[in-house]
Amino acid sequence: MINLTLNGLPVEVEPGTTLLEAATFLGFPIPTLCHMEGLSPYGACRLCVVEIGEGPRAKLVSSCTYRAEQGLKVRTSSARVVRARRMVIELLLASCPQSKTIQDLASAHGVRQQRFRQEHEDCIMCGRCVRMCEEQMMAKAIGFQGRGEHRRIGTPFDKRSEVCRLCGGCISVCPACQLRCTYSDPDKVICGGCANLAPPCLEKPGFDDLMCYMKPCVACEISK
Amino acid sequence: MSGVGQIVDRHLGERGELITILEEIQAKYSYLPEEALRVVSERTGRSLTDIYGVATFYKWFSLKPRGRHLLTCCLGTACHVRGAPRIADELSRQLGVRAGETTPDGEFTLETQNCLGGCALGPIVVADGHYFSNVATSAIPRILERTKEGLDRVDARTDERVFPVEVSCARCNHSLMDPGSQLEGQPAIRVTISFGQHHGWLLLSSLYGSYTIEAQHEIPFDEVANFFCPHCHAELRGASDCAMCGAPMVPMIVRGGGVVQICARRGCRAHMLDLNGSVS
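Sequence lines, in order, name chains P and L. The first sequence begins at 1 in this note's numbering and counts up by one. The second sequence begins at 1001 in this note's numbering and counts up by one.
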């Protein structure tokens, strides 16, 4: 077992536990965005930053990727952590203001404005869909392409991928494009337009192996 | 696309194989064709998504066919403050294409890069691997002209990187120099080669760094030939393989001491001069 101090409280965790898992288990909530249970830790959104160490050597690390260490001193909501989180949220708002998830985060953390040039991206590069496709759907149909500001998510050669089963897993985990995909969760509904479609592929051959996440299956509808 | 399969098989299992494979495919076809990437995916067992991600990550890789000559204009910070954007604009005006495009006649592809590593020499234009430093807009027509003529052609009289070497057979120590045949103003190296059904003489320029050859039979690109001494008929074959393509290296003794080795593959430019070495 590993002993560490979490917000001044001495705690014991299993070796290999990440700081995020430890803090969540012990009741210190840490906001997350790119993290998702069942997917490998990724550390892309930086929302889960915590402060480790003490004094001038204290530093911010992403708790979803940082494993617990013996004697580590962790603070999950120090002033520095809160400032960093607000900045992250502000930057996310600047690139993706239409996302319900990000709006909720902003509201929960008291971010009332964003001071950067407003963009209207439809992706925050959190990599959830890429990991979902690879790790849960075993398809690897989508992935990151390009580099720097040209980085984006897509299929090879921007063609319909042969390994994609149109399961919709990528859409269902996306925190940015929820206009399309949260109809089953009434609290998050924004437009609800998609709720009027009925799932058409139940009768189709191969549905049992499809592992379809799309409710309703808009992609099947479109491809008909 | 059978060539792609060979390239993949040659590197399979190496560390960092994917980039080597993609580089070789690009060297062969000038770009990465979609079918080639599919073959790579099939043979290496990597997903096409990953391969496509690597191919789009590096600026060196191109998914569109490139022209015969590649012009790269550096737009890194150092070159930028020294006026690289003007150079890039002028190049694109004179060629009539934007960055990333190929001229309609297939001669030039113009690309920009974010740093080519020669910051003290900026602005830099790289044409077919040859660096032009401190480029001014007035120098561009000359660069285009020289690139079109072929920058790989070495001018033996003015280029200091080239010097003649005299070599002899590693087995019988008989000189391989042929004063009767001149290549680039120097006596040529004469050896016998065989490949496929062909057997005949081959003249190599004796200038180190020059790739000029003359052969009795046209050697197809990528063909690995066996080299023989024309005097003792022993095969010239070294213990080591080419570091770039894996073909055998051909050793020859340099007069005055040392060994020069050249790659036996047509089109591979690997060579090595070791003035202290001996044939193992």
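The beta carbon of each residue, even a glycine, is placed where N, CA and C say it ideally should be. Computed from a predicted structure; not experimentally measured.
Interface annotation, Ser1047 of chain L: in contact with chain P, CB-CB separation under 7 Å. Around the CB of Glu21 of chain P, 16 or more other CB atoms lie within 10 Å, so the residue is classed as buried. Classified as buried, Phe1108 of chain L has 16 or more neighbouring CB atoms from the shown chains inside 10 Å of its CB. The criterion of a C-beta distance shorter than 7 Å is not satisfied by Thr65 of chain P and Pro31 of chain P. Among the residues facing chain L, Gly127 of chain P is not included, as its CB has no counterpart in that chain under 7 Å away. Exclusion of the five residues before and after Gly143 of chain P leaves Val130 as the residues of its chain whose Cβ lies within less than 6 Å of its Cβ.
Judged by beta-carbon spacing, Ala1264 of chain L lies beyond the 7 Å limit of Val1254 of chain L, meaning their Cβ atoms are not closer than that value. Assigned with DSSP and collapsed to three states, Arg80 of chain P falls in helix.
Ranked by how close their Cα comes to the Cα of Gly1196 of chain L, the residues L:Lys1059, L:Glu1223, L:Pro1141 have L:Glu1223 in first place. By the neighbour-count definition (other C-beta atoms within 10 Å, threshold 16), Leu1032 of chain L is a buried residue. The secondary-structure analysis by DSSP pairs Val1125 of chain L across a beta bridge with L:Cys1073, L:Phe1132. A contact is defined here as three or more CB-CB pairs under 8 Å, and the stretch 1094 to 1103 of chain L meets this definition with respect to the stretch 1066 to 1081 of chain L. Listed along the chain, the chain P residues whose CB falls inside 7 Å of the CB of Tyr1029 of chain L amount to none; the nearest CB is some 16 Å away.
When DSSP states are grouped into helix, strand and coil, Asp1050 of chain L belongs to the helix group. The stretch 1077 to 1086 of chain L and the stretch 1122 to 1129 of chain L touch, with no fewer than 3 CB-CB distances between them shorter than 8 Å.
Exposure of Glu1218 of chain L is indicated by the presence of fewer than 16 other C-beta atoms within 10 angstroms of its C-beta. Boundaries of the beta strand (DSSP E) harbouring Leu9 of chain P: 9 to 13, taken from the DSSP string. Under a criterion of Cβ atoms nearer than 7 Å, the residues of chain L adjacent to Ala141 of chain P are, in order, Thr1049. Distances from the alpha-carbon of Ala1270 of chain L to those of L:Lys1148, L:Gly1256, L:Cys1245 put L:Cys1245 closest. The alpha-carbon of Arg128 of chain P is positioned some 14 Å away from that of Asp122 of chain P.
It is roughly 13 Å from the alpha-carbon of Gln1026 of chain L to the alpha-carbon of Arg1068 of chain L. Nearest neighbour of Arg1237 of chain L by Cα position, chosen from L:Phe1163, L:Leu1063, L:Ile1193, L:Leu1116, turns out to be L:Ile1193.
When C-beta atoms of the stretch 75 to 82 of chain P are compared with those of the stretch 51 to 67 of chain P, three or more pairs fall below 8 Å, so the two segments count as touching. Cβ atoms of Val74 of chain P and Leu26 of chain P stay farther apart than 8 Å, at about 11 Å. Inclusion of Ala1170 of chain L and Ser1181 of chain L in the CB contact set at 7 Å is not warranted, their separation being larger than that value. At a cut-off of 7 Å between C-beta atoms, Glu1035 of chain L does not count as an interface residue with respect to chain P. For Arg83 of chain P, same chain residues with a beta-carbon under 7 Å away, outside a window of 5 residues either side, do not exist. Beyond the five residues adjoining it in sequence on each side, Gln1186 of chain L comes within less than 8 Å, by CB distance, of Ala1156, Pro1164, Ser1205, Ser1206, Leu1207 in the same chain, given in chain order. The beta-carbon of Arg85 of chain P is placed no less than 7 Å from the nearest beta-carbon of chain L. Going by DSSP, Gly169 of chain P is part of the alpha helix (DSSP H) stretching over 169 to 173.
Distances from the CA of Thr1137 of chain L to each of L:Leu1202, L:Glu1090, L:Arg1038, L:Arg1046 were compared; the closest alpha carbon is that of L:Glu1090. For Thr1056 of chain L, the neighbours in chain P by C-beta distance under 7 Å run, in chain order, Gln145, Gly146.
Taking all protein chains shown into account, Val1081 of chain L has fewer than 16 neighbouring C-beta atoms within 10 Å of its C-beta and is therefore exposed.
By alpha-carbon distance to Gly1150 of chain L, the top candidate from L:Cys1119, L:Glu1014, L:Asp1128, L:Arg1093 is L:Asp1128. Listed along chain P are Gly143, Gln145, Gly154, Thr155, Pro156, Phe157, each with a C-beta nearer than 9 Å to that of Tyr1052 of chain L. Ranked by Cα distance from Glu149 of chain P, the options P:Arg67, P:Lys59, P:Met125, P:Arg85 are led by P:Met125.
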